[in-house]
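The structure under discussion appears below in the form of structure tokens.
Here it is, written out as structure tokens:
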């Protein structure tokens, strides 16, 4: 979460300092909702807004780095790099206004907007969405909402009368619609009497609050009425002004949604044709799993719900494999480098001191101890060196002595495979041109997997043996153990991502190993033997 | 033979000192770069074994300051840089001074000690 200070840095060179004016609220709310419902807005960022509101500052921080900060107290607005939204904010002298001096104003608005967003997500169509307005104060006191909809360029327009429990639809003449639209637009206040609107033509009873909205592809008229003849309350008029400003974007989206049902179908189909298995989860539900018997995809009923799911679940999940894994490897490399430097120095000190003491006139057994100390220190240094060799991050190939590499990996897996008898059966030195890091990773993964399976299974005299088959063009490294092995039905699955039989496994080891093997120009496969697991790692020479 | 060891890892400093004293040298040592510069300017050493990474300044800074006392040729023969750094950048810079460089940890300790004791 970035704080206000960030916007004060040199980077925010397009800062504008503006004094709050009466039109500011309007503009801000428009901007706020526009960005709120745009694709760049992350749900989490909304929490940031709440936090800052408590400190008397409202900040909106968006994914693409833009931000808006407002401090009601000092009445300054910082706008930094607002994306493609036209903002014409005029300079006004500051007027005292009970509404915006009230700290809670912003918090309340924010909650309303969240509620509206939720209502949008939960409604099947625009009418349902507008019906949900009855849940907001003070619209719950109103009796009828008239919703006039005209798609630009079309001959007809429609008039919906939306009650709390019912919706009625009437076709409308476009010219009548336009007359009403213009009448509302020209009027300076939002409160209308029956006469001023020629309301009886439209079955509007009593005084009402009316607003005209020009959307992307539609023109909309929104009229709220209590169906009485009393003048509208000041508070309600103010509230309505605020409301219609931000509801504009939402109505636009909901109209968009209704027209996007086909798109949803297409997307569902395209998901089904993805060449891998996956699970789509969101909002606590499992929505869809591919290639499994349960297909709960039908739980997605609205397009915006769908957008939310696709953004946060499927994309993130697969990004997770690629990016996070790579990042982890790079981070690990850096970490190991630092570790190597930090450990090498004191280890060297220990080494020198041990050598020094060995030269002193001491008892024989004391000298023996010192010699053991020196050997342990050498082993530590060797382990550090092995790790450093293993994590060179580039994809370059070099001549590698397989015997040496496998022994190095044995050293690294020593603690995981403590009681296991490991044998490397190869008579000669085999050199191949390959990437040490990747090869070591594959072997490391295979040996760890075997060790864990052997230990968990409680196999008696557990054994891992590696032998190498050579031909002129390739080598095959066979890794066998005498553990439980893998059944022939499961063989296909073990190389798939997220397949694991372990509680704490992430299920990525074998799938990554297989893809590394393929990157090396070979492959990692499994052969079903009578006893134990048998992996074959084929590599080019 | 008078030797100065500049190394901030205490175990390394003290063991090297003892090992060289056993070989008959007179050894001063310090872990502080500023102190090292003072010692260099106020004494005459046959050999200066200098670590590159110290707490306050770098070994390179020390060599630069020694130019106030020694000629470039003398720096070449007297200074012995010991370092854990393996990066090309650092090694290249060290080579510009022309003195010998030894990587920590030493692959062969007795060989290293003999080299330190050699006067050219």
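Protein chains in written order, with this note's numbering: chain Z, 4 to 544; chain C, 9 to 128.
Virtual Cβ for every residue (Gly too), placed ideally from N, Cα, C.
Fair warning: this is a prediction, and the values are worked out from it, not measured in the lab.
Contact of residue 44 of chain C with chain Z by beta-carbon distance below 7 Å is absent, the smallest such distance being about 18 Å. Cα atoms of residue 531 of chain Z and residue 537 of chain Z: separation of roughly 7 Å, rounded to the nearest angstrom. With contacts defined as CB atoms closer than 9 Å, residue 12 of chain C and residue 48 of chain C qualify as a contacting pair. Within the region 31 to 43 of chain C, contact with chain Z at the beta-carbon level (separation under 9 Å) is assigned to no residue.
Within chain Z, the C-beta atoms nearer than 8 Å to that of residue 112 of chain C come from 347, 348 and 351, in chain order. For residue 115 of chain Z, same chain residues with a beta-carbon under 7 Å away, outside a window of 5 residues either side, are 139 in chain order. DSSP places residue 409 of chain Z inside the alpha helix (DSSP H), whose first and last residues are 405 to 415.
Looking only at Z/148, Z/433, Z/474 and Z/155, the smallest Cα-Cα distance to residue 166 of chain Z is reached by Z/148. Inclusion of residue 481 of chain Z and residue 497 of chain Z in the CB contact set at 9 Å is not warranted, their separation being larger than that value. Listed along chain Z, no residue sits closer than 7 Å to residue 13 of chain C by beta-carbon distance, the nearest being about 12 Å off.
Contact between residue 542 of chain Z and residue 476 of chain Z does not hold, since their C-beta atoms are separated by about 10 Å, which reaches or exceeds 8 Å. Setting aside the 5 residues that flank it on each side, residue 174 of chain Z is surrounded in the same chain by 159 and 161, each with a C-beta closer than 7 Å to its C-beta; the list follows chain order. Nearest to residue 53 of chain C by alpha-carbon distance, out of C/43, C/9, C/88 and C/28, is C/9. Contact annotation for residue 375 of chain Z against chain C: no contact, minimum CB-CB distance about 17 Å [criterion: below 7 Å].
DSSP places residue 111 of chain C inside the beta strand (DSSP E), whose first and last residues are 108 to 111. Under DSSP, residue 165 of chain Z takes part in a beta bridge, and its partners are Z/148 and Z/170. Put simply, of Z/119, Z/208, Z/522 and Z/177 the residue whose alpha carbon is nearest the alpha carbon of residue 442 of chain Z is Z/522.
Contact of residue 23 of chain C with chain Z by beta-carbon distance below 8 Å involves 352, 355, 356, 358 and 359.
In terms of CA proximity to residue 155 of chain Z, Z/219 leads the group Z/133, Z/219, Z/206 and Z/117. Annotated as proximal: residue 464 of chain Z and residue 485 of chain Z, with beta-carbon spacing under 9 Å.
Here DSSP, grouped into helix, strand and coil, assigns residue 14 of chain C to strand. Contact between residue 240 of chain Z and residue 178 of chain Z fails: their C-beta atoms lie close to 29 Å from each other, not under 8 Å.
Counted as a single uninterrupted DSSP element, the alpha helix (DSSP H) harbouring residue 189 of chain Z occupies residues 177 to 189. When Cβ pairs closer than 8 Å are counted between the two stretches, the region 408 to 427 of chain Z is seen to touch the region 442 to 458 of chain Z, the count reaching three or more.
Residue 113 of chain C counts as buried, since no fewer than 16 other beta carbons sit within 10 angstroms of its beta carbon. About 7 Å separates the beta carbons of residue 59 of chain C and residue 16 of chain C, which is inside the 8 Å limit, making them a contact pair. Within the DSSP bridge table, the entry for residue 402 of chain Z names Z/436 as partners.
Counting along the chain, residue 61 of chain C sits inside no beta strand (DSSP E), nor does DSSP assign it H or E at all. Around residue 384 of chain Z, the beta-carbon contacts reaching into chain C at under 7 Å are 113.
Beyond the five residues adjoining it in sequence on each side, residue 213 of chain Z comes within less than 6 Å, by CB distance, of 187, 195 and 226 in the same chain, given in chain order. In the same chain as residue 121 of chain C, and ignoring 5 residues on each side of it, the C-beta atoms closer than 7 Å to its own belong to 27, 28 and 31, in chain order. The beta carbon of residue 101 of chain C sits no closer than 9 Å to any beta carbon of chain Z.
Residue pairing by DSSP places residue 213 of chain Z opposite Z/226 in a beta bridge. Within the same chain, 195, 226, 227 and 228 come within 7 Å of residue 211 of chain Z by CB-CB distance, once the 5 residues on both sides are set aside. When only Cα atoms are considered, residue 67 of chain C and residue 91 of chain C end up about 9 Å apart.
Residue 478 of chain Z sits in a strand when the DSSP states are folded into three classes.
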